[in-house]
Every structure is written in structure tokens, then in C-alpha cells.
Amino acid sequence: MKADFDNAIQQLQPIYGVSNEVLKVALARQAPNPVISPVGVAGLKRGAGYLVELGYFTDNPIDAVLDLRHQPAAQ
């Protein structure tokens, strides 16, 4: 994204449905972190657990869909 920020904004604008100005400010403050920490995994499991409670999922899918073997090592 950093290599061509303006192009990334153009591609993301239809997805988020907000103005380019809003996306520029939001994305500049929220650079993606490629490493999901144990705390992040716990948050994903907790969030999916809420979706189970609400009836959107029958089981918590995080362990089945999240494969962290290939992520960069945490620094």
C-alpha cells in the first residue's frame, strides 16, 4: 500500500463507500500489521464467540481458518 497510496485509495473507496479524503486520513493512521499476536488471536476468538452466541456461526471457526505458520516472526 505504501508504494502507491493513491492507487490503493482508489481501489478501496468503492469497498468502504466513504470519500477519498476520509480514507486517506483513516488509512494513514492504520497501517496494516502483518503479525497477529496471541492477544490478537484471543480477540478474534472472542469476537467469533459472540457471533456463535448470536447464532451466526454454529462453532467458533478461528482455529479452523486462521493459519499463522507463514506469518512473519514477531519482532
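Using UniProt numbering, the first residue of the sequence shown is number 1, and each one after it goes up by one.
Think of the CB as a built atom: it goes at the ideal place given N, C-alpha and C, for glycine as much as any other residue.
(request) State buried or exposed for residue 54, treating a residue as buried only when at least 16 other CB atoms are found within 10 Å of its CB. (result) exposed
(request) Compute the distance between the beta-carbons of residue 13 and residue 36, then report whether it is under 9 angstroms. (result) no
(request) Please classify residue 23: is it buried, with 16 or more other beta-carbons within 10 angstroms of its beta-carbon, or exposed? (result) buried
(request) Taking residue 38 as the reference, give the member of 25, 68, 18 and 28 with the closest Cα. (result) 68
(request) Could you tell me if residue 64 is buried or exposed, where buried requires 16 or more neighbouring beta carbons within 10 angstroms of its beta carbon? (result) exposed
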